Amino acid sequence: AERELAAARGDKEAHQRALDKVGSLTQVTLDQTAEIFRLNELVIQMDSEMVVLEQKLRRKEMEENIEMQSFLGADGGGNVAVQKDRDNPLNPQGVWVPMM
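In the UniProt record's numbering, the protein residues as written are 1 to 100.
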């Protein structure tokens, strides 16, 4: 009877150790899951900020393109160019003049 009682106590202690290990693993898993969610929120926030920055950049590029078109159109619709070819010189206003 004492052996059975000792064996039962041993089984109970082993069972309790197993439960403690499961509890510890569960806590670690919950902590890691919470960290994953926290980091995911940061990623979502950074992604939103990136979208806003990309929109601002596109808007700025569009404004610069409009300004450049206005600048290029200010010479009467001609093309502003750098003289690279003696056959196609620039006129005194800096407008490329094709030779015909």
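Backbone N, C-alpha and C fix where the C-beta goes; we use that ideal spot for every residue, glycine too. Note that this is a predicted model, so its numbers are computed, not measured.
Roughly how many angstroms lie between the CA atoms of residue 62 and residue 48, to the nearest whole one?
Approximately 21 Å between the Cα atoms of the pair.
For residue 73, which of 33, 93 and 23 has the nearest alpha-carbon?
With distances taken between Cα atoms, residue 73 lies closest to 93.
Let me check one thing: in DSSP terms, what residues is residue 43 bridge-paired to?
BP columns for residue 43 are empty, so no partner.
State the Cα-Cα distance for the pair residue 34 and residue 20, rounded to the nearest angstrom.
When rounded, the distance between both Cα atoms is 21 Å.
Three-state secondary structure (DSSP) at residue 95?
If DSSP states are grouped into helix, strand and coil, residue 95 belongs with the strands.
What is the rounded straight-line gap between the Cα of residue 59 and the Cα of residue 42?
Looking at the two C-alpha atoms, the distance is approximately 26 Å.
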